[in-house]
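Read through the structure below, which is laid out as structure tokens, and then see the notes.
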Amino acid sequence: MEAIFLAFSLVLDPSVLGVMFLSAVFGLFVGSIPGLTATMAAALLIPFTFFMDPVPAIAAIVTTVAMAIFAGDIPGALLRIPGTPASAAYCDEAYALTRKGKAETALGVSLVCSAIGGVLGSAVLALTAPSLAEFAIKFSSFEYFWLACLGLSCAVIVSTGSTLKGLVSLLIGLFIATIGIDVTAGHPRFTFGNVEMMGGISFIPAMIGMFAISEVLRFIAAPNAQHSVPQQAIKHVFRGIGGIISKYKLNVARGGVIGAVVGILPGAGADIAAWIAYAMSKRFSKESSKFGTGHVEGLVDAGTANNAGLAGAWVPALVFGIPGDSITAIVIGVLYMKGMNPGPTVFMNQPELIHAVFIVFFLANLALIPLGFIAIRLSRTILLVPRHVLIPIILMFCVVGAFAINNTVFGISVMLFMGVMAYIMEENGFPVAPTILGIVLGTMLEQNFMSSMIKADGEFSGFFSRPIAATLGVLVIAIWVLPLIKMVFRAVLSRRVQQTKP
Amino acid sequence: MRLNDAISGVVLFIFALAVIAYSTTFPSLHGQAYGPSLFPTVIGSCLALCGLILVGRGIRAHRHDNQTTTSAPQEQEQENPKDLHGWVQWGDWVSDGSRLTTMLLVPGLLIAYIVLSDIVGFILLSIIIMTVLLYRLGTPLLSTLLIAVAGTVLLQLLFAKVLLVPLPPGLLLPWIG
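Read top to bottom, the protein sequences are chains A and B.
By the count of the working numbering, the first sequence reaches residue 511 at its end, each step adding exactly one.
By the count of the working numbering, the second sequence reaches residue 361 at its end, each step adding exactly one.
Written out as structure tokens, the structure reads:
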């Protein structure tokens with residue numbers, strides 16, 4: 010109880026509230042500009058969080074991202090261009106509403122559902138994380154090894170595109186994590202005698218490169234016209250929303266649950282949550298033929314799901330230190346930088362910090378309603394900001410940010426390299442999220458493997474000697490083996506069908 | 185720039201072999217079978233395998249593409265303009281000379297910053313980089329100069345004065361040092 014009061018006093022500090030307000034404005038702006046994603050907003054924030062205390066740093070990221078994910082719906086509804094990938098699933102639907110002259114309804118539903126989804130996700134986070142942490146406190150290196158494997162496997166399997174390319178992306182990330190002094194023998198690996206490489210590739214510049222520089226390159230490579238905003242009154246955003254929400258309250262609940270669960274899965278974030286929720290909504294709807302023609306039902310489900318997914322992703326991040334999506338990967342990086350290693354011990358030793366995270370989540374999502382409303386009213390002006398002016402400023406901002414982490418230009422080199430690599434990867438259908446997870450989890454994976462091996466005297470059976478470790482191990486193996494069995498089974502089956510046909 | 189999977193596969197395979205080869209030079213721990221070379225070797229082997237599978241897929245896709253293009257070239261083109269014909273498909277920006285220059289300017293300017301920042305300093309380089317990019321992306325010259333100077337001053341104030349990041353002063357040392 011004491012910890013909760015302490016947490017409130019930490020969050021309700023005027024400077025923290027100020028940081029949250031500025032982050033909210035920043036998030037709404039970045040999210041509503043097409044091509045600037047929520048993850049990029051988080052990456053651009055890191056240099057600032059580097060200079061903050063843990064609570065304001067976390068508050069800044071949580072607020073920015075919650076706002077940016079909602080704001081991504083604004084250009085989706087008005088221009089049919091999703092502001093962030095998380096809005097892509099229902100962008101056509103929202104735009105169809107605008108074409109019918111109902112832009113107000115589309116944006117109102119998005120806003121209210123985003124806020125409800127955020128609150129639902131926060132509730133899931135606040136309810137599940139502490140009990141999971143109590144359970145996780147008993148874990149040893151064996152369990153953590155399997156957990157890291159599980160997280161990485163999920164990241165590959167749920168990533169967009171082909172599983173093979175997801176695996177390649179993960180392996181690249183894991184390789185990057187091996188650069189530097191190794192954990193067991195202290196031998197420098199792949200440093201080529203460079204002193205700065207010995208410390209390893211610090212992932213802050215790497216992430217700025219992968220999420221911001223790659224976007225800059227993509228912007229320049231693709232033709233980009235400034236879009237004209239439809240002339241339509243957007244004033245009474247909340248008119249009729251109450252009726253829609255109460256009509257589709259089951260959809261709201263379902264979207265929230267899907268979002269939170271998908272968010273908890275490592276590697277799958279808000280964007281995948283929105284796609285799944287939209288598909289579910291269509292499948293189970295009584296009026297599924299109306300989908301795609303400007304029907305609000307899908308918007309309710311998916312709009313709730315993407316904001317719920319954000320909070321869900323924090324569950325594995327806080328409890329095990331395993332990021333649920335690219336954004337929490339950034340968060341884990343920031344927390345490590347602050348010497349606050351996420352894991353069950355934080356729940357025991359600094360419960361006020363954990364409670365503060367929960368409070369920030371609720372607060373940010375409630376603040377979404379008034380601030381999002383203002384953003385909708387200003388949307389026409391925001392969408393007039395020419396992107397070609399923003400891009401060079403963002404580039405220099407990234408340069409300074411990457412420099413500020415260690416005050417050396419090495420960070421800028423890392424940023425440039427990773428940015429070009431991420432651009433080429435995405436152009437060729439290699440998802441970048443597994444790479445990020447590989448970089449973040451690579452060291453943890455190796456460390457836990459090595460110390461487990463030492464404990465077990467080099468016997469691999471040690472990894473199955475404890476009940477939880479054995480369960481997790483079997484689960485990981487099943488995840489990889491089952492699809493293979495299915496593939497073989499299908500191949501055999503199709504051959505039989507072919508044989509019986511003629 | 186889209187590459188056929190076979191090309192990505194070959195690149196990955198060669199890279200993986202280099203990783204494995206380099207890992208063999210790592211010392212092993214006394215009395216232990218697992219040392220610093222274990223993880224890089226495992227990662228390298230998996231990458232090499234993935235690379236080979238990609239090569240196989242790429243070659244198959246290439247053959248398939250060639251067959252369909254010879255039988256019905258126009259239909260295929262319309263059906264899926266993003267489908268890859270040939271080994272490498274350069275994006276639109278490569279054939280567009282001006283966009284190609286801008287695209288190459290981004291890494292070029294960043295490398296220039298990395299090399300020159302200690303001598304020339306943040307402020308001058310930042311103004312130059314922003315001016316070049318803003319102008320090339322189609323901002324009128326006067327607004328370009330204004331935005332570049334204002335943006336740079338803002339970044340300098342924010343990072344050097346508020347966050348106390350030691351941005352290199354370079355040539356401007358006598359005035360702002």
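Backbone N, C-alpha and C fix where the C-beta goes; we use that ideal spot for every residue, glycine too.
Model, not experiment: these values are computed from the prediction.
C-beta atoms of residue i and residue j nearer than 7 Å
| i | j | result |
| --- | --- | --- |
| A:A97 | A:A86 | no |
| A:V39 | A:A77 | yes |
| A:M29 | A:A68 | yes |
| A:P94 | A:P43 | no |
| A:G276 | A:L19 | no |
| A:A279 | A:L319 | yes |
| A:I336 | A:P351 | no |
| A:I317 | A:D334 | The sequence as given places Ala at residue 317 of chain A; Ile does not occur at that position. Not in contact: A:A317 and A:D334 (Cβ atoms no closer than 7 Å). |
| A:I514 | A:M206 | Nothing about residue 514 of chain A can be read from this structure; chain A reaches only from 10 to 511. |
| A:F300 | B:I227 | no |
| A:P214 | A:V423 | yes |
| A:A194 | B:G281 | no |
| A:K51 | A:I217 | Reading the sequence as shown, one finds Ala at residue 51 of chain A and not Lys. Cβ distance not < 7 Å, so A:A51 and A:I217 don't count as in contact. |
| A:P56 | A:A338 | no |
| B:M185 | A:M405 | no |
| A:S223 | A:A431 | yes |
| A:I229 | B:T286 | yes |
| A:G438 | A:G170 | yes |
| A:C407 | A:A262 | no |
| B:G292 | B:P352 | no |
| B:L231 | A:L180 | yes |
Close-in-space but distant-in-sequence residues of the same chain around residue i (CB under 7 Å, 5 per side omitted)
| i | result |
| --- | --- |
| A:L481 | E152, W155, L156 and L159 |
| A:R135 | Checking the sequence shown, residue 135 of chain A turns out to be Ala, not Arg. Cβ within range, chain order: F367. |
| A:A186 | G447, I448, G451 and T452 |
| A:S168 | G175, G276, P440, A442 and P443 |
Contacts that residue i makes with chain A (C-beta to C-beta distance below 9 Å)
| i | result |
| --- | --- |
| B:G281 | Chain A residues near B:G281: none, gap ~14 Å exceeds 9 Å. |
| B:I313 | P401, L404, M405 and V408 |
| B:I331 | V398, P401 and I402 |
| B:W277 | I229, A230, A231 and P232 |
Close-in-space but distant-in-sequence residues of the same chain around residue i (CB under 6 Å, 5 per side omitted)
| i | result |
| --- | --- |
| A:V128 | N374 |
| A:L45 | V39 |
| A:A314 | G264, I267, G268, A282, A283 and A286 |
| B:Q262 | Only weak support exists for where B:Q262 lies, its pLDDT of 40 falling under 50; the coordinates are left without a value. |
| A:S388 | I83 |
| A:G303 | A105, L106 and K109 |
| A:G1 | In the structure as shown, chain A starts at 10 and stops at 511, and residue 1 of chain A therefore has no counterpart that could be examined. |
Interface residues of chain A facing residue i [CB-CB closer than 7 Å]
| i | result |
| --- | --- |
| B:I237 | L173 |
| B:V203 | F184 |
| B:G335 | I402 and M405 |
| B:G322 | H397 |
| B:P211 | A194 and H196 |
| B:P350 | N416 |
Residue i classed as buried or exposed, judged by whether at least 16 other C-beta atoms fall within 10 angstroms
| i | result |
| --- | --- |
| A:K244 | exposed |
| B:N250 | exposed |
| A:P492 | exposed |
| A:G251 | exposed |
| B:K266 | Confidence in B:K266 is poor, its pLDDT being 46 and thus under 50, which makes the residue's placement unreliable; the coordinate value appears in the next sentence. Under this definition B:K266 is an exposed residue. |
| A:F199 | buried |
| A:P325 | buried |
| B:P257 | Residue placement at B:P257 is flagged as unreliable, the pLDDT there being 42, under the threshold of 50; the coordinate-derived value follows with that caveat. Classification of B:P257: exposed, given that the 10 Å Cβ count is below 16. |
| B:N188 | buried |
| A:F14 | exposed |
| A:T58 | buried |
| A:N457 | buried |
Own chain residues within Cβ distance below 8 Å of residue i, not counting five before or after
| i | result |
| --- | --- |
| B:L236 | G193 and F197 |
| A:L176 | V165 and P443 |
| A:L54 | S32, F35, A69, I70 and T73 |
| A:T172 | V165, I166 and P492 |
| B:R283 | D276 and W277 |
| B:L321 | T286 |
| B:L308 | G354, L355 and L356 |
Per-residue contacts from residue i into chain B (C-beta, under 8 Å)
| i | result |
| --- | --- |
| A:V225 | V290 |
Under 7 Å by beta carbon: chain B residues contacting residue i
| i | result |
| --- | --- |
| A:S422 | I298 |
Partner residues on chain A for residue i, Cβ-Cβ distance less than 8 Å
| i | result |
| --- | --- |
| B:T286 | I229 |
Any non-hydrogen atom of the ligand SAH closer than 6 Å to residue i Cβ
| i | result |
| --- | --- |
| A:V20 | In the structure shown, the ligand SAH is absent, as is every other ligand, since no ligand is present at all. |
Give the residues from the segment 184–213 of chain A that approach chain B closer than 8 Å (Cβ to any Cβ), ordered along the chain.
F184, T187, D191, T193, A194, H196, R198 and F199
Return the residues of the segment 185–197 of chain B that lie within a Cβ-Cβ distance of less than 7 Å from chain A, sorted by chain order.
M185, R186, L187, S192 and L196
With 7 Å as the limit, tell me which residues of the segment 217–230 of chain B have their beta carbon closer than that to any beta carbon of chain A; keep them in chain order.
A217, Y218, G219, P220, F223, P224, I227 and C230
So if I threshold CB-CB distances at 9 Å, which residues from the segment 451–479 of chain A count as touching chain B?
G451, L454, E455, F458, M459, M462, I463 and G467
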